[in-house]
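In my numbering, the protein residues as written are 558 to 864.
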Amino acid sequence: MISIEGVSKSFGPNKAVETISFQANDREILVLLGTSGCGKTTTLKMINRLIEPDSGTICIDGKNIRDQKPEALRKTIGFVMQHAGLFPHYTVEQNIATVPNLLNWEKQKIRKRTSELLEKLHLNENILGLYPYELSGGQQQRVGVARALMTNTPLLLMDEPFGALDTITKSAIHNEFKNLDELKNKTTILVTHDIVEAFELGHRICLMDKGQIVQIGSPREFLYHPVNSFVKEFFASNRLMLEYKIASVKTVEPFLKMSLSLKGQKELNKSANLWEALQIFSGEQSFNEDYEILVQAFNQYRKLQSV
Ligand SMILES: Nc1ncnc2c1ncn2[C@@H]1O[C@H](COP(=O)(O)OP(=O)(O)O)[C@@H](O)[C@H]1O
Ligand SMILES: [Mg+2]
């Protein structure tokens with residue numbers, strides 16, 4: 558567990574982070590969400606001591622990180638930098654092997670682990686000899702993720718890891734990423750300014766504004782129990798889609814007025830949330846009726862949630 562208590566950091570007169578406190582629990586993905594300049598990267602970098610706070614305490618599993626040497630601390634933390642942060646003069650293979658080399662892993666162990674991660678992240682082995690500039694933005698970011706996962710650290714910090722991807726590719730990667738077995742035993746803090754990404758990946762979200770935390774909670778709490786008008790407005794433009802995304806098919810089942818067609822039921826079982834279900838149903842005319850039944854059920858359910 559990562560615990561941040563009353564942490565502040567200024568750069569000259571500029572208060573980048575102001576007395577923030579939050580925890581990231583074991584096995585969860587906690588998303589730091591906020592617009593550019595609100596202090597997300599500064600917060601993340603204080604956790605692996607790339608930046609030292611002016612005041613406050615950061616503990617990992619109850620131990621103050623100030624009591625550890627930065628180098629020792631960083632061996633326990635996988636870090637994905639904003640814009641992938643690959644070394645330009647190293648090949649992909651050398652980039653991925655950076656930390657294992659520091660830990661004196663045997664060559665064969667490095668090769669085996671590299672292959673394993675390339676496969677999980679859908680990267681082709683033939684990129685290993687290339688330099689970062691020869692890769693697409695999306696490939697660079699996946700190599701950045703592979704590098705951070707290499708030594709299977711208990712903690713993972715990711716700074717806008719999918720920022721270079723277009724929206725469609727992003728959604729597919731989110732699904733894969735969330736289900737990656739590598740994450741199951743980790744505490745992950747992921748930084749993003751992308752609201753949809755926060756909802757698709759975060760077990761909990763920590764919303765920041767001007768160096769402060771506005772609200773921490775589950776995606777559901779942000780939509781149905783916003784603490785103030787700032788939070789409400791922050792999610793206003795994507796609201797309906799987000800509501801569909803956090804409603805599972807099970808959630809609205811009690812509100813179905815009629816049963817769906819057999820074909821519809823089958824399709825529905827394949828989709829994780831209502832948004833996906835409606836995407837499937839809206840694509841084909843034979844699903845028109847199912848689509849309507851589902852939307853009506855959702856509207857009934859929704860009436861009971863509003864704040
Ligand atoms: N090394 C630095 N020197 C001076 N100002 C900085 C430095 N790093 C960040 N800042 C400032 O601190 C604030 C927060 O920055 P940052 O944590 O990078 O925000 P975010 O990652 O949310 O975009 C911004 O106003 C930024 O300009
Ligand atoms: Mg940043």
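All residues carry an ideal CB built from backbone N, CA and C; glycine is no exception.
- Inter-residue distance for N856 and Q580 is about 35 Å (C-alpha atoms, whole angstroms).
- In this structure, the C-beta of T598 approaches ligand 1 to less than 7 Å from one of its heavy atoms.
- Non-local C-beta neighbours of I684 in its own chain, meaning closer than 6 Å and more than five positions away in sequence, comprise V649, ordered along the chain.
- Segment contact: the stretch 700 to 713 against the stretch 804 to 818, fewer than three CB-CB distances shorter than 8 Å; contact not assigned.
- Just measuring C-alpha positions, the residue of S843, L590, I752, N826 sitting nearest A793 is I752.
- Nearest Cα to R796 within the set I586, K823, Y781: Y781.
- The C-beta separation of T599 from V574 comes to about 5 Å, placing the pair in contact by the 8 Å criterion.
- Contact check for I577 against V588 fails: the beta carbons are separated by 8 Å or more.
- Per the DSSP secondary-structure output, R761 pairs in a beta bridge with L587.
- P718 counts as buried, since no fewer than 16 other beta carbons sit within 10 angstroms of its beta carbon.
- If only complete runs of 4 or more residues are kept, the stretch 710 to 753 shows the alpha helix (DSSP H) at 724 to 735, in order along the chain.
- Judged by pairs of C-beta atoms under 8 Å, the stretch 815 to 822 touches the stretch 846 to 853, as three or more such pairs exist.
- With a cutoff of 8 Å on beta-carbon distance, G695 and T724 are scored as not near each other.
- Secondary structure note for T614: its beta strand (DSSP E) is the uninterrupted segment 612 to 617.
- In the DSSP assignment, A573 falls within the unbroken beta strand (DSSP E) covering 571 to 581.
- The beta carbons of L692 and V700 sit about 7 Å from each other, so the pair counts as a contact at 8 Å.
- Taking non-hydrogen atoms of ligand 1 into account, the C-beta of A703 is found less than 7 Å away from none of them.
- If you keep only unbroken alpha helix (DSSP H) runs of at least 4 residues inside the stretch 593 to 675, you get 597 to 604, 627 to 631, 649 to 653, 655 to 659.
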